[in-house]
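Below: one structure, written as structure tokens.
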Amino acid sequence: MSVVTRFPPSPTGFLHIGGLRTALFNYLYARHHDGKFILRIEDTDSERSEKRFSELIIKAFEWVGLDFDEGPYFQSQRGEIYAKYIDKLIKEGKAYRCYCSRERLSKLKESQISKGIKPHYDGFCREQNRKTSGDYTVRFKLPDSVGKVEFYDMIHGKISVALSELDDFIIVRSNRMPMYNLACVIDDALMGVTDIIRGDDHLSNTPKQILLYKALGFDIPRYAHVPMILGEDKKRFSKRHGATSVSVYKDEGYLPDALLNYLVRLGFSYKDQEIFSLDELIRYFDIDRLGKSASVFNPSKLLWINSVYIKNREPSKLAEEIAPFLSELLKREIDVDEKLTEAVKTVQQRAKTLKEAAGQLKFYFEAPSDYDEKGIKKYCKDSGLLKELLRLAEDIKWSESELKRVIEETMDKFQIKMIKVAQPIRIALTGKTVSPGIYEMMLILGKSESLKRIENLSRFLDERA
RNA sequence: GGCCCCAUAGUCUAGCGGUUAGGACGCCGGCCUCUCACGCCGGAAACUAGGGUUCGAUUCCCUAUGGGGCUGCCA
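This is the structure:
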């Protein structure tokens with residue numbers, strides 16, 4: 006049997022980190038087994054669903070590069086399909102219309118809680134013709150033949166839930182829209198979904214869904230309930246813990262493949278390997294490599310993985326990826342050319358995010374507007390050294406070996422160490438005490454720009470004195 | 001409260017009865033060095049507790065504890 010998986014987000018917000026991870030698991034599992042991966046938007050809750058979120062979710066998928074083979078389907082457009090099965094269920098006596106008012110329901114619940122018993126629907130409308138007009142929901146009629154629902158989970162093993170834990174749950178709202186459990190089951194069955202990989206917060210929905218599968222006469226799929234992602238405090242990962250929206254990571258300068266690499270390692274492992282290409286993930290991924298305990302989201306490890314991806318990136322590709330951040334920073338369009346690529350190479354080992362890289366590259370495009378005060382104090386007593394440098398460099402061929410010669414001569418003349426020459430140059434070039442190496446910067450900046458910046462600092466020091 | 005799930009360092013994890021309990025992030029120290037990084041070397045740091053089963057339990061079972069989830073006309 007070939008494999009079909011799916012990711013069914015509800016468009017009530019941005020795609021979040023946890024959602025992306027389960028999507029990734031579904032994707033990898035499908036690709037690993039040479040199967041199909043479907044995207045289905047679960048927008049049956051018309052109150053909370055928004056079209057813009059659907060679009061954003063699809064965009065996020067494009068960004069991370071997880072391509073789906075089918076969809077996106079929208080449940081809001083599949084009303085006729087559900088209606089057919091709802092009628093069938095009612096006709097067969099497996100579901101019934103419930104005319105109970107919300108008031109009665111909440112009173113019922115209240116009294117049950119106060120009596121210390123489970124808040125369950127009391128089956129008032131199970132009896133036919135209790136009432137036949139007005140708003141109604143449709144409830145699934147719990148079969149009374151079986152005492153429990155059992156299923157096998159690929160991660161947790163055998164799971165058994167007593168039927169007494171459930172009640173006649175609502176499958177259709179009074180506005181005729183199907184509820185999650187119903188729509189999900191019908192769609193999964195109709196779309197041929199064979200393997201359901203989802204967060205283990207759905208574990209307790211599964212018995213209900215299995216009951217529905219049986220009532221509808223569908224084959225029950227395989228299940229894998231993956232552990233959830235928690236925040237530092239071990240509470241469910243949410244905005245309180247930091248960014249949960251995938252788009253934020255894009256905006257902060259994370260590489261999509263780095264993010265996926267980080268997320269897959271939350272729960273998945275393969276030997277001692279930390280860094281995986283997508284091909285490797287597809288090859289190695291399987292359910293039995295997933296753990297069963299929840300994992301805490303660790304931003305610093307994500308940052309590390311991102312830095313590894315930046316280091317390993319083809320410089321010209323990295324340049325393309327950094328360019329938008331640089332344009333944003335400099336408030337003008339930046340050409341992706343050879344010069345940018347060369348500049349990018351000089352920060353590739355230093356930046357952990359694209360955004361950070363842009364910050365480190367800024368000086369290549371704009372001469373410093375001010376100088377690091379501490380640096381000036383520590384390394385730039387007067388302009389003498391810079392003037393000597395300018396004099397020696399004036400007529401040289403602009404190459405690393407010539408520059409080295411000039412600097413060594415200066416060191417000799419002033420009887421100082423390299424750092425005493427390098428730092429003033431660094432400050433002149435970048436305004437800062439931290440930057441790429443001085444030779445590589447000067448070569449990229451070019452002779453006239455480099456000397457101009459050294460002159461600028463020299464003048465600055467003179468004016469100050 | 002009830003039901004379900006989970007439990008190796010701060011964190012992510014390896015382990016699937018016998019290991020000096022392995023790797024990674026982070027942290028600390030050192031080396032390299034024109035700054036910062038990178039890189040390299042080294043270090044501290046874990047089997048939740050108590051009962052079983054067994055010649056032997058981190059590993060299997062039970063209980064406790066802790067954490068999470070569900071308990072919606074949300075998904």
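Residue numbers (the working numbering): 6 to 470.
For every residue, glycine included, the Cβ atom is placed at its ideal position computed from N, Cα and C.
- Query: Is R11 helix, strand or coil when you go by DSSP?
  - Reply: If DSSP states are grouped into helix, strand and coil, R11 belongs with the strands.
- So who's on the other strand from T142, going by DSSP bridges? Bridge partners of T142: C103.
- Message: Tell me the DSSP secondary structure of G162 in three-state form.
- Response: Under the three-state reduction of DSSP, G162 is assigned to strand.
- Task: Kindly examine the ligand HEM and report whether one of its heavy atoms sits closer than 8 Å to the Cβ of M159.
- Result: The ligand HEM is not part of the structure shown, which contains no ligands of any sort.
- Message: Less than 6 Å between C-beta atoms, sequence neighbours within five positions excluded: which residues of the same chain meet that for K163?
- Response: These residues qualify, in order along the chain: Y157.
- Message: Between G258, P183 and N461, which has its C-alpha nearest Q80's C-alpha?
- Response: Comparing Cα-Cα distances from Q80 to each of G258, P183 and N461, the minimum goes to P183.
- Message: I believe L171 touches L187 by the beta-carbon criterion, under 8 Å. Please report the beta-carbon distance rounded to the nearest angstrom.
- Response: No, L171 and L187 are not in contact; Cβ-Cβ is about 14 Å, not under 8 Å.
- Where does H207 sit, in a helix, a strand or coil, going by DSSP? Residue state, collapsed to three classes: helix.
- So, are the CB atoms of N31 and R45 less than 9 Å apart? Taking 9 Å as the Cβ cut-off, N31 and R45 do not qualify as a contacting pair.
- Short check: CB of S232 to CB of I280, under 9 Å? Reading off the sequence, residue 232 comes out as Pro, not Ser. Not in contact: P232 and I280 (Cβ atoms no closer than 9 Å).
- Counterpart residues of F156 in DSSP-defined beta bridges: Note: F156 is bridge-paired with I164 in the DSSP secondary-structure output.
- Query: Roughly how many angstroms lie between the CA atoms of L195 and N180, to the nearest whole one?
  - Reply: Going by the C-alpha atoms only, they are around 23 Å apart.
- Item | Complete beta strand (DSSP E) runs within the segment 12-57 (minimum length 3 residues, chain order) | Whole beta strand (DSSP E) segments, 3+ residues: 41-46.
- Could you check what DSSP says for Y78 in three-state terms: helix, strand or coil? In this structure, Y78 counts as strand in the three-state DSSP scheme.
- Task: State the beta-bridge partners of A229 as determined by DSSP.
- Result: I202, per the DSSP bridge assignment.
- Query: So what does R241 bridge to, in DSSP terms?
  - Reply: As computed with DSSP, R241 is found in a beta bridge with L235.
- Item | L295, DSSP secondary structure in three states | Taken through DSSP and simplified to helix, strand or coil, L295 comes out as strand.
- Task: Measure the beta-carbon distance from M446 to S440 and round it to whole angstroms, keeping in mind my assumption that it falls under 8 Å.
- Result: S440 and M446 do touch by the CB rule: their CB atoms are close to 6 Å apart, below 8 Å.
- Excluding the 5 residues preceding and the 5 following L221 in the sequence, name in chain order all residues of the same chain whose CB lies nearer than 8 Å to its CB. The beta carbon of L221 sits closer than 8 Å to those of Y90, K93, L94, V190, I191 and A194, all from its chain and outside the five residues before and after it, given in chain order.
- Message: Looking at A3: is its Cβ nearer than 9 Å to the Cβ of I412?
- Response: This structure cannot settle anything about residue 3, because the visible part of the chain is limited to 6 through 470.
- Query: Per the contact definition of three or more C-beta pairs closer than 8 Å, is the segment 416-430 in contact with the segment 388-398?
  - Reply: The segment 388-398 is in contact with the segment 416-430.
- Within 10 angstroms of its Cβ, does H419 collect 16 or more other Cβ (buried), or is it exposed? According to the sequence displayed, residue 419 carries Phe and not His. Classification of F419: exposed, given that the 10 Å Cβ count is below 16.
- Message: For E343, tell me which candidate among S106, A324, G436 and Q353 has the shortest Cα-Cα distance.
- Response: Checking every option, the nearest Cα to that of E343 belongs to A324.
- Cutoff 8 Å; reference T27; Cβ partners in own chain excluding five residues on either side: Here the set comprises F12, I202, R203, G204 and V231.
- Item | Buried versus exposed call for A470 [16 or more other C-beta atoms within 10 Å across all chains shown] | It is exposed - the Cβ of A470 has fewer than 16 other Cβ atoms within 10 Å.
- In the DSSP assignment, find the beta strand (DSSP E) that holds V177 and state where it starts and stops. V177 -> beta strand (DSSP E) spans I175 to V177.
- Item | CB-CB length for E114 against P124, believed under 8 Å | Rather than Glu, the amino acid found at residue 114 in this sequence is Lys. The Cβ separation is near 4 Å, so the contact holds.
- Coarse secondary structure for V301, derived from DSSP in three states: In the structure shown, the three-state DSSP call for V301 is strand.
- Message: For the pair the segment 33-40 and the segment 16-23, tell me if three or more CB-CB distances fall below 8 Å.
- Response: Taking a cut-off of 8 Å for Cβ pairs, the segment 33-40 and the segment 16-23 do not touch, as fewer than three such pairs fall below it.
- Distance CB(F174)-CB(Y126) smaller than 9 Å: By the CB criterion at 9 Å, F174 and Y126 fall inside the cutoff.
- Message: Nearest by alpha-carbon distance to L466: which of Y376, E47, K306 and R270 is it?
- Response: Nearest C-alpha to L466 among Y376, E47, K306 and R270: Y376.
- Message: For the segment 209-216 against the segment 269-289, do three or more pairs of beta-carbon atoms, one drawn from each stretch, fall closer than 8 Å, so that the two count as touching?
- Response: Under the three-pair Cβ rule at 8 Å, the segment 209-216 does not count as touching the segment 269-289.
- Item | DSSP bridge partner residues for S250 (one or two, in chain order) | Beta-bridge annotation (DSSP): S250 is paired with H21.
- Please report how far the alpha carbon of Y444 lies from the alpha carbon of R410, in whole angstroms. Between the alpha carbons of Y444 and R410 lies a distance of about 12 Å.
- Message: If I measure Cβ to Cβ from E326 and keep anything under 8 Å in the same chain, skipping five residues before and after, which residues do I get?
- Response: The answer, listed in chain order, is L260, R318 and L359.
- Message: Give me, in chain order, the residues of the same chain whose beta-carbon lies closer than 8 Å to that of E371; leave out the 5 immediate sequence neighbours on both sides.
- Response: Excluding positions up to five away in sequence, the list reads L335.
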